[in-house]
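To start, the structure under review is shown below, and the notes come after it.
Numbering (UniProt numbering), first residue to last: 1 to 169.
Next comes the structure, spelled out in structure tokens:
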């Protein structure tokens, strides 16, 4: 399956391609001791599944080249959104996952997830990237497409936050 946009790798290079909506959202996940759990949950697709996104990955953990087929409902419509992992980096205090859309995804572009442990002990998740409608129905209903993108991003940000021990994960 081919990428659905020509600027593959732009996020990793720090580029902001013209003609796309650029976004960045950040949330505090918890304290320093939550870093490893958050990274594991991101790389093992639990962030996605906890967000109400069905996931069918080609491998149990994120790695460059792995394909992730995401499924989610918008009202009665089931959307299928395939992506390919472009980059995974995990350091002592920072983890990065970047993926790009494949043909068949309703949008085109890249999304980057960065989990960081800061000097003050906080752990944050930043989701950033660039996107534009690809499918005819996404172009026709562009405001709805933007709303769905923001909704899922908010769910991703909540999915990695520290939970009470008794809560469902």
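Note that CB positions come from ideal geometry on N, CA and C, so glycine has one too.
Got a sec? Which residues, its chain only, sit under 6 Å from residue 7 by beta carbon, not counting five neighbours each side? For the purposes of this step, residue 7 is taken as residue 7 along the chain shown, with counting starting at 1. Excluding residues within five positions, the ones whose Cβ falls inside 6 Å are 17.
Report yes if the CB atom of residue 28 is closer than 7 Å to the CB atom of residue 128, and no otherwise. The count along the chain shown starts at 1 and reaches residue 28 at position 28. The count along the chain shown starts at 1 and reaches residue 128 at position 128. The answer is no: Cβ separation not under 7 Å.
Counterpart residues of residue 108 in DSSP-defined beta bridges: The sequence position of residue 108 within the chain shown is 108, counting from 1. Per DSSP, the beta-bridge partners of residue 108 are 132.
Assuming residue 110 and residue 132 make a contact with CB atoms under 8 Å, what is their CB distance in whole Å? On the chain shown, position 110 is the one that residue 110 refers to. On the chain shown, position 132 is the one that residue 132 refers to. About 11 Å separates the two Cβ atoms, so there is no contact after all.
How many whole angstroms separate the CB atoms of residue 51 and residue 159, which I take to be in contact at a CB cut-off of 8 Å? The count along the chain shown starts at 1 and reaches residue 51 at position 51. The count along the chain shown starts at 1 and reaches residue 159 at position 159. Going by Cβ atoms, the distance from residue 51 to residue 159 rounds to 5 Å, so yes, they are a contact pair.
What does the alpha-carbon distance come out to for the pair residue 83 and residue 62? Here the question's residue 83 lines up with position 83 in the chain shown. Here the question's residue 62 lines up with position 62 in the chain shown. Distance between residue 83 and residue 62, taken at the CA atoms: about 11 Å.
Leaving aside the five residues before and after residue 2 along the sequence, list all residues of the same chain whose C-beta is less than 8 Å from its C-beta, in chain order. For the purposes of this step, residue 2 is taken as residue 2 along the chain shown, with counting starting at 1. Taken in chain order, the residues that qualify are 102 and 103.
Can you list, in chain order, the residues of its chain whose CB lies under 8 Å from that of residue 65, leaving out five sequence neighbours each side? Stepping through the chain shown from its first residue, residue 65 is reached at position 65. Exclusion of the five residues before and after residue 65 leaves 84 and 85 as the residues of its chain whose Cβ lies within less than 8 Å of its Cβ.
Rounded Cβ spacing between residue 68 and residue 57 (contact assumed at less than 8 Å): The count along the chain shown starts at 1 and reaches residue 68 at position 68. The count along the chain shown starts at 1 and reaches residue 57 at position 57. With a Cβ gap of about 5 Å, residue 68 and residue 57 count as contacting.
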